[in-house]
Amino acid sequence: LNSSGTEDTTFYSNLGTGYNSQPTEITLQSDGKILTGGSFTSLNSNTRNYLTRLNSSGTEDTTFYSNLGTGYNSQPTEITLQSDGKILTGGSFTSLNSNTRNYLTRLNSSGTEDTTFYSNLGTGFNGYPRIFIVQSSGRIIVGGNFTDVNGTTVGGLVALYSTGGIDTTFMTNFGSGVNSGYIEGMAEQSDGSIIISGNFYGINGISPSINFIYKINSDGTRA
Numbered sequence: 013l014n015s016s017g018t019e020d021t022t023f024y025s026n027l028g029t030g031y032n033s034q035p036t037e038i039t040l041q042s043d044g045k046i047l048t049g050g051s052f053t054s055l056n057s058n059t060r061n062y063l064t065r066l067n068s069s070g071t072e073d074t075t076f077y078s079n080l081g082t083g084y085n086s087q088p089t090e091i092t093l094q095s096d097g098k099i100l101t102g103g104s105f106t107s108l109n110s111n112t113r114n115y116l117t118r119l120n121s122s123g124t125e126d127t128t129f130y131s132n133l134g135t136g137f138n139g140y141p142r143i144f145i146v147q148s149s150g151r152i153i154v155g156g157n158f159t160d161v162n163g164t165t166v167g168g169l170v171a172l173y174s175t176g177g178i179d180t181t182f183m184t185n186f187g188s189g190v191n192s193g194y195i196e197g198m199a200e201q202s203d204g205s206i207i208i209s210g211n212f213y214g215i216n217g218i219s220p221s222i223n224f225i226y227k228i229n230s231d232g233t234r235a
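Under my numbering, the first residue of the sequence shown carries the number 13, and numbering increases by one thereafter.
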């Protein structure tokens, strides 16, 4: 829509026939391009598996999708941009461009995969991330309904270095993490502390139980 509420008809005209199913995640880049993730498998009658990038006019950035190869086998439900332009995607997928990629990937701004990042993730996640934030240090905090990352037991939350490796000190401080349920909300405060929320009923065995919302320091200890 235009700021007045009228439709920007040129934008939709440039989309052609549009998507064959719903985009559920939309992220705007600083250059005005639009990343869309969802349950769709085509855009304007062309095969587009679950992730596309549009120019600000509504036309497709076809080079981006070409660089994705065959795309994902299921939808990214979370898309976050890093300050260097790289793109973090998390969701229910287990492959990208016919390569095993369990629930989290990082793309270069061109759409090619940052394969070093996934290599450092090892076997990846055993469940899908629902939310993540990128801190100013480049560290990535990921929350969701997973219990294992690259063979390391984690309770619904993991801190990754920008390289994709696990910040083991953070994980030691966070302890056993979510005892039941999962994390689906997260926000970083100005002092670096992190508030997590979700459908959980306990954190790290603390008594009485911590229900639905919890705050940690930047090192993973309880705030």
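Backbone N, C-alpha and C fix where the C-beta goes; we use that ideal spot for every residue, glycine too. The structure displayed is predicted, hence computed values, not measured ones.
Going by C-alpha distance, which of Gly-204, Gln-87 and Gly-193 is nearest Asn-211?
For the purposes of this step, residue 211 is taken as residue 199 along the sequence shown, with counting starting at 1. Selected option, being the one with the closest Cα: Gly-193.
According to DSSP, Met-198 sits in a beta bridge with which residue or residues?
For the purposes of this step, residue 198 is taken as residue 186 along the sequence shown, with counting starting at 1. In the DSSP output, where bridge partners are listed per residue, Met-198 has Ile-208.
Going straight from the alpha carbon of Ile-46 to that of Ser-107, what length do you get?
In the sequence shown, the residue the question calls residue 46 occupies position 34. In the sequence shown, the residue the question calls residue 107 occupies position 95. Rounded to the nearest angstrom, the two C-alpha atoms are 23 Å apart.
Please indicate yes or no: does the CB of Gln-87 lie closer than 6 Å to some heavy atom of the ligand NAP?
Inclusion of the ligand NAP in the displayed structure is not the case, the ligand content being empty and no account of it being possible.
Between the C-alpha atoms of Leu-27 and Leu-80, what's the straight-line distance to the nearest angstrom?
Here residue 27 corresponds to residue number 15 of the sequence shown, with the count starting at 1. Here residue 80 corresponds to residue number 68 of the sequence shown, with the count starting at 1. Each residue's alpha carbon lies about 20 Å from the other.
Collapsed DSSP secondary structure at Ser-15 in the structure displayed:
One-based indexing of the sequence shown puts residue 15 at position 3. DSSP, read as helix, strand or coil, puts Ser-15 in coil.
Delimiting residues of the alpha helix (DSSP H) encompassing Thr-181:
Counted from its first residue, the sequence shown places residue 181 at position 169. It spans 180-186 - the alpha helix (DSSP H) in which Thr-181 sits, taken as one unbroken run.
Going along the chain, which residues of its own chain have a beta-carbon closer than 8 Å to the beta-carbon of Gly-163, five neighbours each way excluded?
For the purposes of this step, residue 163 is taken as residue 151 along the sequence shown, with counting starting at 1. So the qualifying residues of the chain are Gly-134 and Thr-135.
On the premise that Leu-100 lies in contact with Thr-92, defined as a C-beta separation below 8 Å, what is that separation, rounded to the nearest angstrom?
Numbered from its first residue, the sequence shown carries residue 92 at position 80. Numbered from its first residue, the sequence shown carries residue 100 at position 88. Sure, about 5 Å apart at Cβ, within 8 Å.
Identify which residue in Phe-23, Arg-151 and Asn-120 has its Cα closest to the Cα of Leu-66.
Residue mapping note: residue 66 aligns to position 54 of the sequence shown, counting from 1. Nearest of Phe-23, Arg-151 and Asn-120 to Leu-66, Cα basis: Phe-23.
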